[in-house]
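See structure below.
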Amino acid sequence: DAGITQSPRHKVTETGTPVTLRCHQTENHRYMYWYRQDPGHGLRLIHYSYGVKDTDKGEVSDGYSVSRSKTEDFLLTLESATSSQTSVYFCAISDVGEKLFFGSGTQLSVL
Amino acid sequence: KQEVTQIPAALSVPEGENLVLNCSFTDSAIYNLQWFRQDPGKGLTSLLLIQSSQREQTSGRLNASLDKSSGRSTLYIAASQPGDSATYLCAVDGSGTASKLTFGTGTRLQVTL
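Structure representation (structure tokens):
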């Protein structure tokens, strides 16, 4: 998967708890992204990063925050998980105008 | 707001058949378009990327075309094989720097023996 590791691969949590998903890359790509995939909606961009400490919102950013303290790591945090955040979360990386490479995904269930 | 549509949602063809998958988008101001493949329970694999200035890209048995002015792209798969069975997604990039893609919901392809 082009040197992208997502952790954990599966997580079950309860409503109201904080959750952090991690994405690690070994490709030194500038851009990193978090997408969520839901039936009927396809993939939607949550947040992205264009460098260390440089992040911006995507289409569905409410309820999510991100951080990028190192080039290789991009964290997605659900401050207080809700059932509507049950989804499959994908991390992706790219350089400017180039193909996106995706990780294997994290299946998150919020009960 | 950009919207990407893929029709049909599902397609079943016999092995060996040539097939075309369709993608349409509402805003023609795009920088590039990508076609991805997704196998069940897996991440996405980028198959082809077409820049807005290009008309088509080819990789092996795959050929993708882009008509930006009409908001359409097609993915042509030649001599389909059972291993081609997967969901195919198209996505457009309207940003030009970060690849903030807008995805279609995909076409689920099954190639039967």
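Line by line, the protein sequences are chains A and B. So in the numbering used here, spot 96 of the first sequence is number 1123, and the numbers just go up one at a time. So in the numbering used here, spot 24 of the second sequence is number 1407, and the numbers just go up one at a time. Glycine residues also receive a C-beta, built at the ideal position from the N, C-alpha and C atoms.
Review point. For Lys1451 (chain B) and chain A, any beta-carbon pair shorter than 8 Å?
Key: no
Review point. Counting Cβ pairs, one atom from each stretch, are 3 or more of them under 8 Å apart for the segment 1047-1064 of chain A and the segment 1452-1464 of chain B?
Key: no
Check your understanding: Just to confirm, are Val1475 (chain B) and Leu1416 (chain B) a CB contact at a threshold of 8 Å?
Key -> yes
Review point. Taking the C-alpha atoms as reference points, what is the distance between Cys1118 (chain A) and Ile1031 (chain A)?
Key: 8 Å
Check your understanding: Can you list the residues of chain B that Tyr1075 (chain A) reaches, using a CB-CB cut of under 9 Å?
Key -> Ala1481, Ser1482 and Lys1483
Practice item. State yes or no: is the beta carbon of Leu1432 (chain B) nearer than 8 Å to at least one beta carbon in chain A? Key: yes
Review point. Nearest to Lys1384 (chain B) by CA position, among B:Ile1413, B:Leu1404, B:Ile1390 and B:Pro1397, is which residue?
Key: B:Ile1413
Exercise for review: Look up Gly1078 (chain A) in the DSSP assignment and give the residues it is bridged to.
Suggested key: A:Asp1081
Point to revise | Identity of the residue in B:Ser1448, B:Asn1405 and B:Ser1442 nearest Ala1393 (chain B) by Cα | key: B:Asn1405
Check your understanding: Under 7 Å Cβ-Cβ, which residues of chain A neighbour Phe1486 (chain B)?
Key -> Gly1069 and Leu1070
Review point. Going along chain A, which residues have a C-beta under 8 Å from Gln1417 (chain B)?
Key: Lys1126 and Leu1127
Check your understanding: Under 8 Å Cβ-Cβ, which residues of chain A neighbour Tyr1414 (chain B)?
Key -> Gly1124
Exercise for review: List in chain order: all unbroken beta strand (DSSP E) runs of 3+ residues lying wholly within the segment 1438-1477 of chain B.
Suggested key: 1439-1442, 1445-1450, 1455-1460 and 1469-1476
Check your understanding: At a CB-CB cut-off below 8 Å, which residues of chain B make contact with Phe1117 (chain A)?
Key -> Gly1426 and Leu1427
Exercise for review: Anything in chain A within Cβ reach of Gly1489 (chain B), meaning under 8 Å, just list it in chain order.
Suggested key: Gly1069
Practice item. Assign Lys1126 (chain A) to one of two classes, buried (16 or more other C-beta atoms within 10 Å of its C-beta) or exposed (fewer than that). Key: buried
Check your understanding: Is the shortest distance between the beta-carbon of Ser1172 (chain A) and the beta-carbons of chain B less than 8 Å?
Key -> The structure shown does not extend to residue 1172 (chain A), since chain A is modelled only from 1028 through 1138, so no value can be given for it.
Review point. Can the beta-carbon of Leu1102 (chain A) be found less than 8 Å from the beta-carbon of Val1093 (chain A)?
Key: yes
**Study point:** Rounded Cβ spacing between Leu1428 (chain B) and Phe1419 (chain B) (contact assumed at less than 8 Å)
**Key:** Residue 1428 (chain B) is actually Thr in this sequence, not Leu. Right, their Cβ atoms sit about 6 Å apart.
Exercise for review: Closer than 9 Å by beta-carbon distance: list the chain B residues that pair up with Tyr1058 (chain A), in chain order.
Suggested key: Thr1480, Ala1481 and Ser1482
**Study point:** Proximal residues, the segment 1083-1102 of chain A versus chain B, C-beta separation under 9 Å
**Key:** Asp1083, Gly1085 and Glu1086
**Study point:** Interface partners of Gly1132 (chain A) on chain B, CB under 7 Å
**Key:** Gly1426
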